[in-house]
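Q: Chains as they are written, first to last, in our numbering: chain A, 2 to 426; chain B, 3 to 485; chain C, 4 to 219.
Built from N, CA and C at the ideal position, the CB exists for glycine as well.
Bear in mind that the values here come from a model prediction, so they are computed numbers and not experimental data.
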Amino acid sequence: MPGQKIPKFKDMSITDKIKVYNKPKYVYIPLICQNDTNITVAVKKGDYVFKGSIIGKRKGNFRIPIHSSVSGTVVDFEEKLYLNGEKVKCVVIENDFKEKIEDGYNIRKKISDLTKEEFIEIIKNCGIVGLGGAGFPTYVKYNTNQKIDTLIVNAVECEPYITADHMIIKEKCEETLEAIDAIMEINNIKEGIIAIKKGDNTLKNIINNFIGTYLRIKLVEVPNLYPMGWERELIRRVKKVTYNKLPIEKGIIVNNVSTIYAIYEALKLDKPLIERVVTFTGEMLKQPQNVLVKIGTPASEVIEFIEGYKRNKDIKFIAGGPMMGLALSSDDLIISTNLNCVLVVKDTIDIPPIECLRCGKCVQVCPAKLSPVLIKDRINDTLRLKELECERCVECGLCSYICPSKINVREYVKKAKAHVRGEVN
Amino acid sequence: MKEFHLHTGPYIKDKNRTSKMMFHLLIALIPIIIFSFIKNGVIPFVKDKTDFIGLIYPLIFILISCLTTILTEILYVRICLGKKGHNLKTYIMHSYSIFPGLFLALVLPINTPIYALIIGGIIATIIGKMLYGGFGNNIFNPALIGCLFVMTIYGGVISTNGGYLNSYEIDTISSATPLSNVALVDGIGTYNTLVRPYGSLWDFFLGTIPGALGETSALFCILGFIYLTITKVIKWKIPVIYVATVFAITYMIGSMHGLGIWYPLFQILSGGLMFGAIFMATDPVTSPTTPIGQVLYGLFLGILTVIFRYLTPYPEGVLTSILTMNMFVFILDRIGSKARFNFNKSILSFFLAWALILLIGCYIGNTFVKEDETDNKDPNFEIVSKNVVDKVVTYTVTQKGFSGKIKARIVIDDGLIKTIDILEQNDSYFQKIIDANYIDKLIREQETIEKVDTISGVTISSTAVKKMVINTLADYKESGYAE
Amino acid sequence: MKTIINGIIKENPTFVLLLGLCPTLAVTNKFESSYIMGFCVLVVLLFSNFVISIIKKLIPESVRIPVYILIIGTFVTIVELLLKEYVPTLHKALGIYLPLIVVNCIVLGRALTVASKKSVGQSILDAIGIGIGFTLALSLIGFIREIFGTNTITLIDGLSEVLEIGKLKYINVINLPIFPINILASPSGAFLTLGLLVGIFNAIRNRKGRGKLESN
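1) Can you give me the start and stop residues for the beta strand (DSSP E) that Gly209/B sits inside?
2) Chain B beta carbons: is any one of them nearer than 8 Å to that of Ser218/C?
3) Of the residues that make up the region 353 to 371 of chain A, which ones have a beta carbon closer than 7 Å to any beta carbon in chain B?
4) Spatial neighbours of Cys174/A within its chain, please: C-beta separation below 7 Å, excluding the five flanking residues on both sides.
5) Looking at the unbroken beta strand (DSSP E) that takes in Lys377/A, where does it start and where does it end?
6) Give every residue of the same chain whose Cβ lies closer than 7 Å to the Cβ of Thr376/B, excluding the five residues on either side of it in the sequence, and list them in chain order.
7) In the structure shown, what three-state DSSP assignment does Asp271/A receive?
8) Taking Cβ positions only, does Lys6/A come closer than 8 Å to chain B?
9) Determine the contact status of Leu1/A and Ile254/A, defining contact as a CB-CB distance below 8 Å.
10) Return the first residue and the last residue of the beta strand (DSSP E) that Asp415/B is part of.
11) Mind reading off the beta-carbon distance from Gly398/A to Met229/A? Whole number of angstroms is fine, and I expect it under 8 Å.
12) Excluding sequence positions up to five away, which residues of its chain have a Cβ less than 6 Å from the Cβ of Gly319/B?
13) Who are the Cβ neighbours of Pro33/B in its own chain at under 8 Å, not counting the five residues just before and after it?
14) Considering just the uninterrupted stretch of the alpha helix (DSSP H) at Cys451/A, what are its terminal residues?
15) Between the C-alpha atoms of Asn219/C and Gly423/A, what's the straight-line distance to the nearest angstrom?
16) Report yes or no: is there a C-beta of chain A within less than 8 Å of the C-beta of Pro241/B?
17) Only counting the same chain, and skipping five residues up and downstream in sequence, which positions put a Cβ closer than 7 Å to that of Ile7/A?
18) Does any residue of chain C bring its CB to less than 8 Å from the CB of Ile124/B?
19) Indicate whether at least one CB of chain C lies closer than 8 Å to the CB of Gly299/B.
20) When the Cα of Leu425/B is compared with those of Gly406/B, Gly417/B, Ala438/B, which residue comes out closest?
21) Does any C-beta atom of chain A lie closer than 8 Å to the C-beta of Tyr13/B?
22) Please specify which runs of the alpha helix (DSSP H), each continuous and at least 4 residues long, are wholly inside the region 6 to 63 of chain B, giving them in chain order.
23) Identify which residue in Gly136/C, Ser126/C, Gly192/C has its Cα closest to the Cα of Thr153/C.
24) Which residue comes first and which comes last in the beta strand (DSSP E) that contains Ala196/A?
25) For Tyr117/B, return the contacting residues in chain C, with the cut-off set at a CB-CB distance below 7 Å.
26) Using DSSP's beta-bridge definition, name the partner residues of Arg393/A.
27) From Glu176/A, Glu305/A, Ser337/A, pick the residue whose C-alpha is nearest to that of Ile67/A; which is it?
28) Counting only Cβ-Cβ distances shorter than 9 Å, please list the residues of the region 278 to 294 of chain B near chain A, keeping chain order.
29) Going along the region 152 to 172 of chain B in order, which residues come within less than 7 Å of chain C, judged by CB to CB distance?
30) Please report how far the alpha carbon of Phe54/B lies from the alpha carbon of Asn205/C, in whole angstroms.
31) Helix, strand or coil for Asn139/B, going by three-state DSSP, please let me know.
32) Using C-beta distances below 7 Å, list every residue in its chain close to Ala183/A, excluding the 5 sequence neighbours before and after it, in chain order.
33) Using the Cα positions of Tyr193/B and Leu230/B, report the straight-line distance between them to the nearest angstrom.
34) Please say whether Gly300/B and Leu334/B have beta carbons closer to each other than 8 Å?
35) Contact between the region 107 to 123 of chain C and the region 46 to 56 of chain C: three or more CB pairs below 8 Å?
36) What residue from Ser406/A, Ala417/A, Val21/A has the CA that sits closest to Ile169/A's CA?
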């Protein structure tokens, strides 16, 4: 069975409340959406912007706007470190700490009264993207003529150390459920499922407390394996169907629970996506916890805010979770919408890899049903690589995790994917 | 702003390592080694069949084999690959060269001379492993390559030394291992002929039957298998499917001959099948990596083993089938990796494969009739009557000619044909035979009658006449009238 | 001179070019047959290369191969008849592999690649080199197979009739318990020996080549 039980390390970052850090001096809003830097900039140096004003819009098919997370003056355009390890152009805004909103929030009483077109318009204009890590514009998922039968809310959070979704449900359970119910009402969805890991009893109790009022939403527990939070695997486990390219083929939509909360704020208050909960955790932080930060805040400031590192040398600074994240060379990272965790751990010396044993464990655990060991053997043969369908890889990292010879198999598969794509181009 | 090191890849790793897996494998082999020590060393010593050297001989055997492979690998790496010093040490630690030697000692007969064992170890390391690129790159199981060479080159020496039987068994059990015994019994065998000489099936399960050092005890092999499956070290699909296939086919064969369930149990408990399936076939480097590939591997191994055991006189069925399938592992992996994406199609192929297995079982069951000493009786020849007066026998015989039977009367006196009279025949061109004085020629040249040419134009009829005379003569000789 | 060395080492027909493996595997079970076969191939190669390189301009392109085979066949027949007359035991020992020299890839291959393209002198030198290389290779294989396979070695047996010296036979050459290795006397042993020798030869050749590169 694909999937593997891996150690969780979640307890260290679960606290009673989410801390709030909303006083950055400067914010650096990254002009990038889903690795696409083709953004039209709507402001220039010296402009005054309100909290929530549009400072850029994505070109191309998904014209999603990017908002400012503070009110203040546009100072400059700089290149700052993004979570994929590269420098990305950012709009630098100097915070005037006044939190001025242009038109003020108008609170809607009943959010389920909206029509589908209004719904899509609102979440598009509020710039809602997937907060689970992929950053896909959410409105595109709903902007379809096909019948949507099921809405699955992904609260599994299978990657170790990360507890952002857990804390959102803990604090904002009622709001989340209200949002799910509204979405179902607006889009005529029959069935709503919240998926959580088996064995997470606190969460189960919290949700069960409130879920009674919503008859069409039910709670489903999935096994505590990694990567159960992957869309394809989750749908296969919960609904027992497989799809070809997109889940909407089978009438299913999957949204991360943090995204649902962002949709709630958008529907209720017309509030755009300007802040998110990020888990700052790891053995080398003095006080690991979840923090609500504004988009564009430098991570180093937040870490200082939560009392900083335990030591300054021999530590690894990772943007993202331990399996799919990337270690960066400096902590000058900018919080963006798709960053859900900042992980600081001990820098251990990697065990050098030895000869491949051909034990077949990587083949056994791959959730995409690939054969990584065979891909590694034929790394230079593009014909065979196409046969082995290495484009299916989601880079979950289980193959490298489980390899007894400590070979970094995932790198080979990534290289193979680049080979095949290079051939196609 | 701080500066950190850059790394890629997952930042948490599983705790298991290759060295731990190999350690588990070693632990699983220890009960087998202890059992073979008791069976081949302690028991003969206790029964006063051997001296102190004989007592610890099994352990010495294993030790020499392991040392040979380790030393050979160190020497090869030092001389041919040129690694020196620290480089050499890291290489040897990750090369696990003890395992070919260990398995080789457990698979060879105990009466293998020491020099043959050492040569086998050298060949296993060099030809079986190093020439392909060292650990992780070999295609064939190195221990089996060594075993194959030793059995082929020194097979004669080993059997004169006593073969698989240790010093205690040579006196009590005079014949050979259970599988060699199968070749000696008539037909398909019964419980009394196949199992009883060695005790009962429980002896087969425990392992107190003659065989190689590690191969006999199914009980300890299964214990090792359970341990290794729990610690997730071996590919468990292969032995399960291998043994199940052999069981299924031999059950089919047995039931076609009316034998009970003891027959398939006998087959899977003898011939070192358990040891071969659990430890040799699951060698991680030489077996498929994809789950479906592993299932196919076990399937074909089972089919091949049964074919080798029943349809060929070759004694080492398990060894040959594993080495043969090692060649096809890359094809099985290709099938396995593609079939993962389309699982439903592969289920259909799986059922087809099982149908194939059962068909093979039926076929072998039907055709496996052991006839002892079938005299090649010519079906076209028939003796109508025989008249014996002392040494003079008058035969009236018929032989199938071209378009009917040729009837003749042949008189043989004291081993020599005196007269041949053709009584009846229906062939159109028979006159040619008479015109060519063929009958007289046959009588004249009866000493070398096989070399007499047939007559062109009446080939079939003249051949029939010749055969008739030969068959009659043969019958005369067999019946012993000439003595 | 360089051409001759080339034929022995860099382009050794058995160990490098892997040509003419049929007689290699078949006649090498005895040492004497192997060097006699090598010698016959050398003679045939020499004469056929000589003749073909002389008349190469006269042969039209379309009938090249049949004409070469004709020439080679002539010389093989001459050699065969000579052997049959003077050393009949050897002729019987080599059996069918003597006429098969006609289609031996070495002879035809060298005729096509060297004799039809290069000068007469070059062709002769090449023939000598390849022939010597083939003889040496075959002798080595035959020597190993006979000594390790049967524990005896016969240096001169059938030839003794021609050369008027006695037979040179040695028995029980190696008396260690690990020999004789009977498998070497059978065809599978031929494959094994050939395979191992090809591997060792090429390994040494590559090492030497690498050494030369590094020393430059």
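A: Considering the structure as presented:
1) Stepping through the second sequence from its first residue, residue 209/B is reached at position 207. Looking at the DSSP string, Gly209/B is not in any beta strand (DSSP E), and its letter there is neither H nor E.
2) Residue numbering aside, residue 218/C sits at position 215 when the third sequence is read from its first letter. In this predicted model, Ser218/C has a pLDDT of only 45, less than 50, meaning its place in the structure is not dependable; the value taken from the coordinates is given anyway. Chain B contact via Cβ: absent.
3) Ile355, Glu356, Cys357, Leu358, Arg359, Cys360, Gly361, Val364, Gln365, Lys370
4) On the first sequence, residue 174/A is found 173 positions in, with the first residue counted as 1. So the list reads Ile207, Ile208, Phe211, once near-sequence residues are dropped.
5) Counting from one through the first sequence, the residue named residue 377/A turns up at place 376. From DSSP, Lys377/A is part of no beta strand (DSSP E) but of the alpha helix (DSSP H) over 373 to 378.
6) Counting from 1 along the second sequence, the entry for residue 376/B is found at position 374. Here Thr376/B scores only 42 on pLDDT, less than 50, and its place in the model is too uncertain to base an answer on.
7) As a position in the first sequence, residue 271/A is number 270, starting the count at 1. Note: Asp271/A maps to coil in three-state DSSP.
8) Here residue 6/A refers to the residue found at position 5 of the first sequence. Judged by the 8 Å Cβ criterion, Lys6/A is not in contact with chain B.
9) The requested residue 1/A does not occur in the structure, where chain A is confined to residues 2 to 426.
10) Taking the second sequence and counting its residues from 1, the one referred to as residue 415/B is at position 413. Here the beta strand (DSSP E) through Asp415/B covers 407 to 415.
11) As a position in the first sequence, residue 398/A is number 397, starting the count at 1. As a position in the first sequence, residue 229/A is number 228, starting the count at 1. At roughly 14 Å, the Cβ-Cβ gap does not stay under 8 Å, so Gly398/A and Met229/A are not in contact.
12) Translated into positions along the second sequence, residue 319/B becomes position 317. Result list for Gly319/B: Thr307, Phe310, Arg311, in chain order.
13) Within the second sequence, numbered from 1, the residue matching residue 33/B stands at position 31. For Pro33/B, where only same-chain residues beyond five positions count, the Cβ hits under 8 Å are Phe222, Leu225, Gly226.
14) Absent from the model: residue 451/A. The displayed extent of chain A is 2 to 426, so no value can be given.
15) Start at 1 with the first residue of the third sequence, and residue 219/C comes out as number 216. Start at 1 with the first residue of the first sequence, and residue 423/A comes out as number 422. Residue placement at Asn219/C is poorly supported in this model, since its pLDDT is 41, which falls under 50; the coordinates still yield a value, given next. Each residue's alpha carbon lies about 39 Å from the other.
16) Counting from 1 along the second sequence, the entry for residue 241/B is found at position 239. No, Pro241/B does not count as interfacial toward chain A.
17) Stepping through the first sequence from its first residue, residue 7/A is reached at position 6. Excluding residues within five positions, the ones whose Cβ falls inside 7 Å are Pro161, Tyr227, Tyr402.
18) If you number the second sequence from 1, residue 124/B lands on position 122. No, Ile124/B lies away from the interface with chain C (no Cβ there is under 8 Å from its Cβ).
19) Here residue 299/B corresponds to residue number 297 of the second sequence, with the count starting at 1. It should be noted that the sequence gives Tyr, not Gly, for residue 299/B. No, because no Cβ of chain C sits closer than 8 Å to the Cβ of Tyr299/B.
20) Residue mapping note: residue 425/B aligns to position 423 of the second sequence, counting from 1. Of Gly406/B, Gly417/B, Ala438/B, the residue nearest in Cα terms is Gly406/B.
21) As a working note, residue 13/B is residue 11 in the second sequence. At least one chain A Cβ lies under 8 Å of Tyr13/B.
22) 20 to 39, 45 to 48
23) In the third sequence, counting from the first residue as 1, residue 153/C sits at position 150. That would be Gly192/C, whose Cα lies nearest to the Cα of Thr153/C.
24) What you label residue 196/A is simply residue 195 of the first sequence in a count that begins at 1. Here the beta strand (DSSP E) through Ala196/A covers 192 to 198.
25) One-based indexing of the second sequence puts residue 117/B at position 115. Within 7 Å Cβ-Cβ: Pro180, Ile181.
26) To locate residue 393/A, count along the first sequence from 1; it is residue 392. None, per the DSSP bridge assignment.
27) Here the question's residue 67/A lines up with position 66 in the first sequence. For the residues Glu176/A, Glu305/A, Ser337/A, the minimum Cα distance to Ile67/A belongs to Ser337/A.
28) Pro286, Val287, Thr288, Ser289, Pro290, Thr291, Thr292, Pro293
29) Thr154, Ile155
30) Here the question's residue 54/B lines up with position 52 in the second sequence. Here the question's residue 205/C lines up with position 202 in the third sequence. Rounded to whole angstroms, Phe54/B to Asn205/C spans 49 Å at the Cα level.
31) Numbered from 1 along the second sequence, position 137 holds the residue referred to as residue 139/B. Looking at Asn139/B - three-state DSSP - the assignment turns out to be coil, as it is neither helix nor strand.
32) On the first sequence, position 182 is the one that residue 183/A refers to. Taken in chain order, the residues that qualify are Ile112, Ser113, Leu268.
33) As a first step, residue 193/B is located in the second sequence; it is residue number 191 there, counting from the start. As a first step, residue 230/B is located in the second sequence; it is residue number 228 there, counting from the start. Going from the Cα of Tyr193/B to the Cα of Leu230/B covers about 34 Å.
34) What you label residue 334/B is simply residue 332 of the second sequence in a count that begins at 1. What you label residue 300/B is simply residue 298 of the second sequence in a count that begins at 1. Contact: no.
35) yes
36) Taking the first residue of the first sequence as position 1, residue 169/A is located at position 168. Closest option to Ile169/A, Cα to Cα, is Val21/A.
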